[in-house]
Amino acid sequence: MKSDKELLDYVNMSLHNNMGKAIISLLLIILITSFSVPVIIFTAIIFAGTVILPFAILLFFVTLIVMLILGYLTLLANLHRKKPAVLGHIFSAFYQFKKNIGLALIIATVLVMLSSIISIFGLLFIPLDLDFSDMNSLSLYLFNVAKLLPLLSGILVITFFVAFIIPNGFIWFVKQEYANLSLKETFIASWKLTKGKKLHLLKFLLKSGGWWLIVGVLAYMTSIIINWNLSPTINQSTDVTFAKFSAIMNIFNTVYSVCFYCSIIRIFTGLVVFYDELTGFSQKENYKILDNPVPILQLTESSTESQNFDEKESGSSEQNNLD
65 MKSDKELLDY VNMSLHNNMG KAIISLLLII LITSFSVPVI IFTAIIFAGT VILPFAILLF
125 FVTLIVMLIL GYLTLLANLH RKKPAVLGHI FSAFYQFKKN IGLALIIATV LVMLSSIISI
185 FGLLFIPLDL DFSDMNSLSL YLFNVAKLLP LLSGILVITF FVAFIIPNGF IWFVKQEYAN
245 LSLKETFIAS WKLTKGKKLH LLKFLLKSGG WWLIVGVLAY MTSIIINWNL SPTINQSTDV
305 TFAKFSAIMN IFNTVYSVCF YCSIIRIFTG LVVFYDELTG FSQKENYKIL DNPVPILQLT
365 ESSTESQNFD EKESGSSEQN NLD
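In structure tokens form, the structure reads like this:
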């Protein structure tokens, strides 16, 4: 396997002339996602008395967003493999909706469940001495929730990335390349590809994020610390002080938003590069979907057995020559 430096060069080369297309495509997904947020909030307010229906609608929208992200991975893969790549590729997961909805639903369910668990755990740290008749008490509670959201969001992203993306990051590429695989076989294949390489993959993806990721994390953590320590004081200060504080926070928010935006593109491209390096995908004669699922399912065992067999054959030949 090539060194991380060589793989990072592939990431840079993939995005050298294609960064604009990658940025616009991701922006389109963000815009589509932003339109779904008011619908989710409106639905939650209408059906506040029930739990199942708002949860089902949330899961539905998250599943659709996941399918857009899967399509975005297809676009980045095409850019890296020097295949035609257009904005329409972000909708590619919808082309075979019945085949892809199951995978997207599993990813969305994991994401929603993790969000729920982390949110409930985080809210336990906020005192619930709430009096709905007292607007000051309600405002203080909502203010504490708003302060906690950035921290919980960061915990969610890290948990989902380490616990799910690293061991299962290749599921979409495997499913594209081997169309006949079941969902179970797809996850098994992805797990086998990352077996013994999860830490290496994690390090490489963090390196792919580069300075964009480092600056983004620093700006994000700084904004959280400032918000936690200064917000109670600023809210009781003059309008001028509050305006200055808001301007500083907007600068930090803009910095980490832009940095995270660019680092996501680089990390996703790094995922494509790492997969192609592991499977020799870039060295294949074509990029058509293969019908035979056996090679990738037996990737680790077959390659090891073949290597051992070759070594035995080589040893036997040498022994015969000596005799």
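Throughout, the working numbering is defined as the position within the sequence shown, counted from one, plus 64. The beta carbon of each residue, even a glycine, is placed where N, CA and C say it ideally should be.
{"query": "Whose C-alpha, out of Ile-230, Lys-248 and Phe-324, is nearest the C-alpha of Lys-259?", "result": "Ile-230"}
{"query": "Take Trp-236 as the anchor and find which of Ser-98, Leu-143, Phe-251 and Ile-312 has the nearest alpha-carbon.", "result": "Phe-251"}
{"query": "When you compare each of Ile-154, Lys-271 and Phe-189 to Leu-91 by their alpha carbons, which one comes out closest?", "result": "Ile-154"}
{"query": "Under 8 Å, with one C-beta from each stretch per pair, do the region 282-289 and the region 238-250 reach the 3-pair mark?", "result": "no"}
{"query": "Report the rounded CA-to-CA distance for Asn-82 versus Thr-333, giving the unit in angstroms.", "result": "11 Å"}
{"query": "Would you kindly work out how many angstroms separate the C-alpha atoms of Ser-232 and Trp-255, rounded to a whole number?", "result": "Checking the sequence shown, residue 232 turns out to be Asn, not Ser. Looking at the two C-alpha atoms, the distance is approximately 6 Å."}
{"query": "Once you ignore the five residues that flank Gly-186 on each side, which residues in its own chain have a CB closer than 6 Å to its CB?", "result": "Leu-212 and Leu-216"}
{"query": "Alpha carbon to alpha carbon, how far is Phe-324 from Asp-54? Give it in angstroms, no decimals.", "result": "Beyond the ends of the chain as shown, which are 65 and 387, falls residue 54; an answer cannot be given."}
{"query": "Between Glu-70 and Ser-321, what straight-line distance do the alpha-carbon atoms span, to the nearest angstrom?", "result": "28 Å"}
{"query": "With a threshold of 6 Å on Cβ separation, who are the neighbours of Leu-257 within its own chain once the five nearest residues in sequence on each side are excluded?", "result": "Phe-234 and Leu-342"}
{"query": "Let me know the secondary structure DSSP gives Lys-261 once reduced to three states.", "result": "coil"}
{"query": "To the nearest angstrom, report how far apart Cys-326 and Gly-280 are at their CA atoms.", "result": "10 Å"}
{"query": "Rounded to whole angstroms, how far is the Cβ of Asn-149 from the Cβ of Lys-239, which I believe are closer than 8 Å?", "result": "According to the sequence shown, residue 149 is Ala rather than Asn. About 19 Å; that fails the 8 Å criterion."}
{"query": "Is the distance from the Cβ of Ala-168 to the Cβ of Leu-143 below 8 Å?", "result": "no"}
{"query": "Counting only the same chain and skipping the five closest in sequence on each side, list residues whose C-beta sits under 6 Å from that of Ala-157.", "result": "Met-131, Leu-134, Gly-135 and Asn-164"}
{"query": "Going by CA-CA distance only, name the one from Ala-227, Pro-214, Ile-331 and Phe-125 that's closest to Phe-316.", "result": "Pro-214"}
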